[in-house]
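Here the UniProt record's numbering is used: the first residue of the sequence shown is 1, the next is one more, and so on. Every residue gets a Cβ at the ideal spot worked out from N, C-alpha and C, and that includes glycine. Everything below concerns the one structure shown next.
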Amino acid sequence: MYVQAQSMFDTDMYLQLLGAIHLVVKGSKVPSDLDTEIGILPPLQRTILDIIPLLRPSDSFSSEWYLLLRELLFFLLSSEVPAERSKNEESNTGINNGQGGAANSSFILTKDYQIKSKNDVPDVSVSTCIEVVQPPSMPSSEVSSCDTPICSWNHLFMEKLIPVIVELFLEAPPSEKCSIFPEVIKALGRCMNTRRDNPKGSLWRLAVESFNRVLIHDLMVDTNNIKLDAHMYRHARTRIWKEIADVYDIFLIGSCGRALSFDGTLEALKADEMIEMNVLNVLSDMILEAQTDAPVEILQRLVSTLDLCVSRTGCLPIDRLELMPSHCSRFSLSCLEMMFSLCRFSFEDDWPPARSTISTVSINILIKRCEIILKQFLSDENDLGDLPLPAVRTNETIFVLQALARLHIHSETAFVLSLPAHLKETIKTSEACASNAHLLILFPSFCELVVSREARVRELVQVLLRLVAGALDLQVRS
């Protein structure tokens with residue numbers, strides 16, 4: 001009916017249509033459905049997935065994109081729904097008391113609710129919502145206290161639903177997309193987090209792919225096409241950045257570079273490692289090194305997340321380092337390499353304001369991490385005596401020393417380092433000193449490593465000490 005006669009539908013009729021779809025999808029949940037366990041969707045759910053793309057709001061009520069997308073997000077893992085809608089559903093359809101009532105379904109997303117939602121740019125985590133199934137690894141604070149439990153739909157249905165939601169989201173008008181963006185990010189993040197409990201599953205992989213796609217296509221927006229009040233727009237963007245930071249925080253720290261209980265093939269492990277690298281690349285290219293409106297506190301949080309991923313290797317006792325899977329150390333080194341990249345300066349023409357900002361945000365976190373790694377290496381070497389260090393610890397230290405020798409920083413970045421006043425004066429007049437100012441902070445650690453038993457470490461320390469001498473104009477003169 002809607003497809004054939006869109007021009008005859010008004011807002012009220014469209015909201016009733018959404019209410020009917022909600023009841024149909026909810027009724028398709030069969031807790032003991034064995035077909036879904038072997039990869040077969042029930043016929044009703046297949047039909048629903050075919051119908052959903054046809055529900056695109058017409059131009060006459062394009063503002064309903066927000067409610068359509070929010071309605072679909074409700075059917076993803078742990079998404080939430082306003083209690084007002086649930087109460088209307090129960091009272092008008094008789095779900096709780098066993099009455100059929102579906103034909104009377106004004107479960108209805110009313111105009112009042114719609115207007116309130118749009119003007120307030122509502123937060124998904126409102127306290128009046130229906131309780132949902134929560135993955136064990138998610139913090140309890142992520143779910144609001146609620147009254148009415150609802151079973152999650154099977155993962156196979158959600159796997160098929162995610163691409164449908166993403167396609168609809170990408171087609172939505174810019175203003176509606178901006179309003180629903182935080183909730184899309186949050187819902188995808190919850191699906192990504194299923195990796196810790198079900199690393200063999202496909203849901204988290206599809207969610208990661210969709211998350212990356214959404215960021216690549218729609219994170220950089222043209223504000224001229226968004227017809228929102230300036231205050232509402234800023235509020236929406238703030239929420240978007242918060243949700244993005246939450247997703248990276250939970251997924252990178254909780255699921256990536258860890259020894260998950262996955263006894264898959266070597267090819268599957270490599271594929272999962274590639275997914276992790278794609279997540280890091282999108283984080284770097286689309287957020288940390290891009291011209292975005294991300295607040296400085298969000299950038300600090302994201303860099304701190306990378307730092308926490310790097311810290312895993314150093315936190316392990318020596319006797320457990322050899323037991324750590326190789327992909328775990330590779331992931332930590334990849335995060336460390338990204339932190340070096342955020343601070344690296346090549347030439348002025350390739351130094352936009354965004355690069356300057358992320359460099360000044362990252363440099364002190366990076367130098368502190370390098371100092372910890374070098375001190376840990378020296379401590380472990382002293383504790384083991386003549387015994388060889390685990391290869392993971394040695395390789396990490398050599399990587400840090402090599403990266404420090406190659407790193408050159410901008411003078412603006414050098415000024416945020418905790419250097420004595422007289423050295424900061426030198427930075428103003430000496431390009432060589434500014435470029436290698438980070439090495440001056442680590443000079444005491446280099447001095448300690450001069451006596452290391454590792455020949456490669458001693459060689460690299462000598463190189464770094466020569467760079468320090470050059471920065472201070474202390475080279476041997478003929």
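With a threshold of 7 Å on Cβ separation, who are the neighbours of Ile155 within its own chain once the five nearest residues in sequence on each side are excluded? Sequence index remark: in the sequence shown, residue 155 carries index 155 (1-based). The sequence as given places His at residue 155; Ile does not occur at that position. Excluding its 5 nearest sequence neighbours in each direction, His155 has C-beta neighbours in its own chain below 7 Å: Gly201 and Leu203, listed in chain order.
Per-residue burial, Ala271 [other beta carbons within 10 Å of its own, 16 or more giving buried]: Here residue 271 corresponds to residue number 271 of the sequence shown, with the count starting at 1. Exposed, since its Cβ has fewer than 16 Cβ neighbours within 10 Å.
With H, G and I counted as helix, E and B as strand and the rest as coil, what does DSSP make of Tyr14? Position 14 of the sequence shown holds residue 14. If DSSP states are grouped into helix, strand and coil, Tyr14 belongs with the helices.
Expressed to the nearest angstrom, what Euclidean distance is found between the alpha-carbon atoms of Leu366 and Met1? Start at 1 with the first residue of the sequence shown, and residue 366 comes out as number 366. Start at 1 with the first residue of the sequence shown, and residue 1 comes out as number 1. Near 60 Å, if we compare the C-alpha coordinates of Met1 and Leu366.
Are there 16 or more other CB atoms within 10 angstroms of the CB of Asn97, so buried, or fewer, so exposed? Translated into positions along the sequence shown, residue 97 becomes position 97. With a pLDDT of 40 at Asn97, under the threshold of 50, the modelled position of that residue is not reliable, and the figure given next carries that caveat. With fewer than 16 other Cβ atoms within 10 Å, it is exposed.
On a Cα-Cα basis, can you pick out the residue from Val400, Leu464 and Arg239 that is closest to Arg369? As a working mapping, residue 369 is identified with position 369 in the sequence shown. The shortest C-alpha separation from Arg369 is found at Val400.
Does the Cβ of Leu44 have 16 or more other Cβ atoms within 10 Å, making it buried, or fewer, making it exposed? What you label residue 44 is simply residue 44 of the sequence shown in a count that begins at 1. The Cβ neighbour count for Leu44, taken over all protein chains shown within 10 Å, is under 16; the residue is labelled exposed.
Could you have a look at Asn278 and say whether DSSP puts it in helix, strand or coil? Residue 278 sits at position 278 when you count from the first residue of the sequence shown. When secondary structure is reduced to three states using DSSP, Asn278 falls in the helix class.
Backbone CA spacing between Thr194 and Lys160 [nearest angstrom]: Here residue 194 is taken as the residue at index 194 of the sequence shown, counted from 1. Here residue 160 is taken as the residue at index 160 of the sequence shown, counted from 1. Their backbone Cα atoms lie some 16 Å apart in a straight line.
Do you know whose CA, among Ala354, Val310 and Arg196, lies nearest Glu289's CA? Here residue 289 corresponds to residue number 289 of the sequence shown, with the count starting at 1. Comparing C-alpha distances from Glu289 to each of Ala354, Val310 and Arg196 shows the shortest one belongs to Ala354.
Which parts of the region 375-411 are runs of the beta strand (DSSP E), unbroken and 3 residues or longer, counting only runs that do not cross its ends? The region 375-411 contains no whole beta strand (DSSP E) run of 3 or more residues.
In or out: Gly189 buried (at least 16 other Cβ within 10 Å) or exposed? Here residue 189 refers to the residue found at position 189 of the sequence shown. Buried, because 16 or more other Cβ atoms sit within 10 Å of the Cβ of Gly189.
Sequence-distant residues of its chain with Cβ nearer than 8 Å to Ser62 (five each side left out): Taking the sequence shown and counting its residues from 1, one reaches residue 62 at position 62. In the same chain as Ser62, and ignoring 5 residues on each side of it, the C-beta atoms closer than 8 Å to its own belong to Pro173 and Glu176, in chain order.
With DSSP as the reference, label Gly201 as helix, strand or coil. Reading the sequence shown from its first residue, position 201 is the one you call residue 201. DSSP, reduced to helix, strand and coil, places Gly201 outside both helices and strands of the structure shown, so it counts as coil.
Give the secondary structure of Thr305 by DSSP, where H, G and I count as helix, E and B as strand, and everything else as coil. Reading the sequence shown from its first residue, position 305 is the one you call residue 305. Correct three-state label for Thr305: helix.
Can you look up Val296 in the DSSP assignment and give me helix, strand or coil? Working through the sequence shown from its first residue, we reach residue 296 at position 296. Val296: helix per DSSP, three-state reduction.
Near Arg312, what residues of its chain come up, given a Cβ to Cβ distance below 6 Å and the 5 sequence neighbours on each side ignored? Residue 312 sits at position 312 when you count from the first residue of the sequence shown. Within the same chain, Arg312 has close Cβ partners Ser332.
Whose C-beta lies closer than 7 Å to the C-beta of Leu440 among residues of the same chain, with five residues either side of it excluded? Locating residue 440 in the sequence shown gives position 440, counting from the first residue. Closer than 7 Å at the Cβ level, and outside the excluded window around Leu440, lie Leu419, Leu423, Val468 and Ala471.
Excluding sequence positions up to five away, which residues of its chain have a Cβ less than 6 Å from the Cβ of Asp249? To locate residue 249, count along the sequence shown from 1; it is residue 249. Contacts found: Thr305.
Roughly how many angstroms separate the alpha carbons of Arg70 and Glu183, rounded to a whole number? Working through the sequence shown from its first residue, we reach residue 70 at position 70. Working through the sequence shown from its first residue, we reach residue 183 at position 183. For Arg70 and Glu183, the distance between alpha carbons rounds to 8 Å.
Would DSSP call Met232 helix, strand or coil? Along the sequence shown, read from residue 1 onward, the residue named residue 232 stands at position 232. Met232: helix per DSSP, three-state reduction.
What residues in its chain sit with their C-beta under 6 Å from that of Leu374, if we drop five residues either side in the sequence? Start at 1 with the first residue of the sequence shown, and residue 374 comes out as number 374. So the list reads Ser445, once near-sequence residues are dropped.
Touch check for the region 424-439 and the region 371-391: three-plus C-beta pairs under 8 Å? Taking 8 Å as the limit for Cβ pairs, the verdict is that the region 371-391 does not touch the region 424-439.
Let's test the definition: count the other Cβ atoms within 10 Å of the Cβ of Ala391 and tell me whether it reaches 16, buried, or not, exposed. Here the question's residue 391 lines up with position 391 in the sequence shown. With fewer than 16 other Cβ atoms inside 10 Å of its own Cβ, Ala391 counts as exposed.
Nearest CA to the CA of Met339: which residue from Ile216, Leu219, Gln6 and Arg301? Start at 1 with the first residue of the sequence shown, and residue 339 comes out as number 339. For Met339, the nearest C-alpha among the options comes from Arg301.
For Ser341 versus His410, is the C-beta spacing smaller than 8 Å? Counting from 1 along the sequence shown, the entry for residue 341 is found at position 341. Counting from 1 along the sequence shown, the entry for residue 410 is found at position 410. In this structure, His410 does not lie closer than 8 Å to Ser341 by Cβ.
What is the DSSP secondary structure of Glu454, reduced to helix, strand or coil? Numbered from 1 along the sequence shown, position 454 holds the residue referred to as residue 454. Coil at Glu454, not helix or strand.
Quick one: is Met192 buried, meaning 16 or more other Cβ sit within 10 Å of its Cβ, or exposed? As a first step, residue 192 must be located in the sequence shown, where it is residue number 192. Around the beta carbon of Met192, 16 or more other beta carbons sit within 10 angstroms, so the residue counts as buried.
Residue from Leu460, Thr413 and Ile318 whose Cα sits closest to the Cα of Ser346: Counting from 1 along the sequence shown, the entry for residue 346 is found at position 346. Out of Leu460, Thr413 and Ile318, Thr413 has the C-alpha closest to the C-alpha of Ser346.
Is it true that the CB of Val166 sits closer than 8 Å to the CB of Val208? Translated into positions along the sequence shown, residue 208 becomes position 208. Translated into positions along the sequence shown, residue 166 becomes position 166. No, the Cβ-Cβ distance between Val208 and Val166 is not below 8 Å.
Determine, using beta carbons only, whether Ile298 and Ala259 come nearer to each other than 8 Å. By one-based count along the sequence shown, residue 298 stands at place 298. By one-based count along the sequence shown, residue 259 stands at place 259. No. Outside cutoff.
So does Thr265 have its beta carbon nearer than 7 Å to some heavy atom of the ligand ZN? Within the structure as shown, the ligand ZN is missing, as the structure has no ligands at all.
Which term fits Ala5, buried or exposed, when burial requires 16 or more other beta carbons within 10 angstroms of its beta carbon? Against the sequence shown, residue 5 aligns to sequence position 5. Counting the other CB atoms within 10 Å of its CB gives Ala5 a total below 16, which places it among the exposed residues.
Within the continuous alpha helix (DSSP H) that includes Tyr2, where are the two ends? Counting from one through the sequence shown, the residue named residue 2 turns up at place 2. In this chain, Tyr2 is not harboured by any alpha helix (DSSP H), its DSSP state being neither H nor E.
Within the same chain, show all residues whose beta-carbon is closer than 8 Å to that of Pro352, passing over the 5 residues directly before and after it, in chain order. For the purposes of this step, residue 352 is taken as the residue at position 352 of the sequence shown. Excluding sequence neighbours, Pro352 sits near Gln291.
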